[in-house]
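**Student:** Sharing a structure, written as structure tokens. Questions coming.
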Amino acid sequence: MSKLDKKQAILDTALTLFVSQGFYATSTASIAKQAGVATGTLFHHFPSKDELMNHLFLNIKQEFADAIQASIKDSGDLKKDAKHLWTSAIQWAMDNPLKQEFFQQYSMSPSIAPEIREQAMNSILSFMGALMQKGQALGLLANYPLTLMQDNCHGQFLAATRFFLDNPEKWQDPQHQEASFLLFWNAMVKG
């Protein structure tokens, strides 16, 4: 197994164990054993379990952001573009249920340092803030503090994906898709 393969095996195993057992109940020894690497190899790549968690969190956020950014459209209609972004984000969650379960458990958890969550929001997910700022400049979205709006939208995303992961057939229902978007959109619209 190459060095890169070992690192990926560690990340894949950590993802599975953190979701199934929880961060605190998962030992680095159990991650190394299930990944088929020596514990020293794990510590070579990640000096601590916290470093492993932070790396995993940022990697998955980046994967999510890359997928969403690849689908971003600028049609000139902010609401239409926001709906496309929302739908793409939830579709990613439905296509990647284990990674979304990880977000469900850890996106707002004290297991992730506040500066890591902030890095994910401000750099990796910066396209979301840009869309909100554009909406505010156009007078379509309320002029709430941007970081508060981003956190609120993130919470709405977690609530919607929790609902759709628990009820996958509802994601196929256009009425539920539309309602989930409108709940998100109407929370930002200028009143």
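The sequence shown: position 92 = 92 (UniProt numbering), numbered continuously. Yeah, the Cβ is synthetic: ideal placement off N, Cα and C, and Gly gets one too.
Closer than 6 Å by C-beta to Pro145: which residues in its own chain qualify, once you throw out the five before and the five after it? Chain order, please.
**Tutor:** Within the same chain, Pro145 has no close Cβ partners at all.
**Student:** Count Cβ pairs between the segment 62-76 and the segment 30-50 that sit closer than 8 Å; are there 3 or more?
**Tutor:** No: fewer than three Cβ pairs fall under 8 Å.
**Student:** So, for Ser111: in the same chain, excluding its five sequence neighbours on each side, which residues have a beta-carbon less than 7 Å away from its beta-carbon?
**Tutor:** Hits under 7 Å: Phe23 and Met53.
**Student:** Going by C-alpha to C-alpha distance, which of Ser123, Phe181 and Gln133 sits closest to Ser88?
**Tutor:** With distances taken between Cα atoms, Ser88 lies closest to Phe181.
**Student:** Work out the CA separation of Gln175 and Phe29 for me, nearest whole Å.
**Tutor:** What sits at residue 29 in the sequence shown is Ala, not Phe. Whole-angstrom Cα-Cα distance: 47 Å.
**Student:** Measure the alpha-carbon distance for Gly40 versus Ala32 and round it to whole angstroms.
**Tutor:** Each residue's Cα considered, the two are about 9 Å apart.
**Student:** Express the C-alpha separation of Ala35 and Ala179 in angstroms, rounding to a whole number.
**Tutor:** Using only the alpha carbons, I get a separation of about 41 Å.
**Student:** Taking Asp166 as part of the alpha helix (DSSP H), name the residues at either end of that continuous run.
**Tutor:** Per DSSP, Asp166 belongs to the alpha helix (DSSP H) from Leu146 to Asp166.
**Student:** Is the separation between the beta-carbon of Lys61 and that of Ala120 shorter than 7 Å?
**Tutor:** Contact flag set, yes.
**Student:** Of the residues Leu11, Met128 and Glu63, which one's Cα is nearest the Cα of Phe157?
**Tutor:** Checking every option, the nearest Cα to that of Phe157 belongs to Met128.
**Student:** Indicate whether Phe184 and Trp92 have their beta-carbon atoms separated by less than 7 Å.
**Tutor:** Going by C-beta atoms, Phe184 is not nearer than 7 Å to Trp92.
**Student:** Kindly list the residues whose CB is nearer than 8 Å to the CB of Leu17, restricted to its own chain and excluding five residues on each side of it in sequence; keep chain order.
**Tutor:** Result list for Leu17: Thr26, Ser30, Ile31 and Gln34, in chain order.
**Student:** Which residue marks the beginning of the alpha helix (DSSP H) containing Val19, and which one marks its end?
**Tutor:** Looking at the DSSP string, the run of the alpha helix (DSSP H) that includes Val19 is Lys3 to Gln21.
**Student:** Within its chain, find whatever has a CB closer than 8 Å to the CB of Ile10; leave out the 5 residues flanking it on each side and keep chain order.
**Tutor:** Hits under 8 Å: Ile31, Ala32, Ala35, Val37, Thr41, Leu42, His45, Phe46 and Leu52.
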